[in-house]
Amino acid sequence: MRVFVTGATGFIGSAIVQELLQAGHSVLGLARSDAGAQALIAAGAQAHPGDLEDLESLRSAAAASDAVIHTAFQHDWTRFAESCELDQRAIEVIGEVLQGSSRPFILTGGLAVIAPGRLATEDDPPVPVSSSYPRASEATGEALAARGVSTAIVRLPQVHDTVKQGLVSYLIALARQKGVSAYVGEGHNLWAAVHRFDAARLYRLALEKHETGARYHAVAEEGVPIVQIATAIGHALNIPIRSIAPEQAQEHFGFLERFVTMNLQGSSTKTKQKLGWTPTGPGLIADLNNLRFTQE
């Protein structure tokens, strides 16, 4: 298949491009810059200039492809609502192009707040869109499916390698800034995780074994204790590891306080059964024990 990949030069998207090419697919990757285009061409893909704000670019690329994998998202926590609106418009535009065809459209969602406090499963519906949670990726995908678009969703936990680790990367940056790696209370709350190459393989399988309306969980580890994450960060940075009282969490963690006090667990049992997906990459703690810092 000729697959259009948004976010093709990003952390997860670049791994998906590699996975697709190795499996014999051709890739048309969205490139925001000349450097991104050069990286895609060097990898063996075709570069398509544009970004999420360039709706005509998205339309033309989707029209020229057999399938679309959408991973692009502007991760700016200071403008999260705007990023969500941009994401929704991009999904709707691509969906308009694919409507009425059987061409797969694989969307990306987050696992974090699907079922706080318990193990989230593929049967759990999307989080309702609201002012407190404006991301509408899944809800938009479901609306498109009702209109005849062959959508499916891949929900991501903390995606990691030795350079980046999802929300954990923000914890690392905070620990470096404050000189202490912290957790809240006893740190027994759990975060699900997956290595980025395992996640990339799941996207390929979701594409090749496409089922309209399916939800897939890219979960290799159902829950890693926050205290273990904080300990690994502290050892990697050679800084103290400390418990923070719940009443001090907001002051210390800022926007991360909402997450570091929650259980963000997930199961991938049904995903593994449907797709034959078996994660093989290193675990989150193993990657944290081998951290490579790109900036000092």
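Residues 0 to 295 (numbering that gives the first Met the number 0) are what the sequence shown spells out, left to right.
All C-beta atoms in this analysis are idealised placements derived from N, C-alpha and C, irrespective of residue type, glycine included.
Thr77, DSSP secondary structure in three states: helix
Buried versus exposed, by CB contacts within 10 Å (16 or more), His47: buried
Beta-bridge pairing of Phe254 - partner residues as DSSP gives them: Bridge partners of Phe254: none, in fact.
Own chain residues within Cβ distance below 7 angstroms of Val148, not counting five before or after: Gly94, Leu97, Gln98, Phe104
Cβ-based burial, Glu52 [other Cβ within 10 Å; buried from 16]: exposed
Distance between beta carbons of Tyr169 and Ser242, contact taken as under 8 angstroms: Between Tyr169 and Ser242 the Cβ distance is about 19 angstroms, and since that is not below 8 angstroms, they are no contact.
For Ala231 and Val67, the rounded distance between their alpha carbons: 37 angstroms
Ile238 versus Val112: straight-line alpha-carbon distance, rounded: 30 angstroms
Counterpart residues of Glu220 in DSSP-defined beta bridges: Ala192
Assigned secondary structure, Phe10 (DSSP; H/G/I helix, E/B strand, else coil): helix
Member of Gly178, Lys163, Lys269, Gln21 whose CA lies at the smallest distance from the CA of Leu290: Lys163
Extent of the continuous alpha helix (DSSP H) to which Arg154 belongs: Unbroken run through Arg154 is the beta strand (DSSP E), 149-155; no alpha helix (DSSP H).
Residue ranges of each alpha helix (DSSP H) within the region 25-64, 4 or longer: 33-42, 54-62
Coarse secondary structure for Ala145, derived from DSSP in three states: helix
Whole-angstrom distance between Val218 and Leu287, CA atom to CA atom: 17 angstroms
Residues near Asn262 in its chain [Cβ-Cβ closer than 6 angstroms; skip 5 each side]: Gly116, Asn188, Leu189
Beta-bridge pairing of Gly265 - partner residues as DSSP gives them: Ala119
Secondary structure of Val112, DSSP reduced to three states: coil
Three-state secondary structure (DSSP) of Val4: strand
Counted within 10 angstroms of its Cβ, other Cβ atoms place Asp86 as buried (16 or more) or exposed: buried
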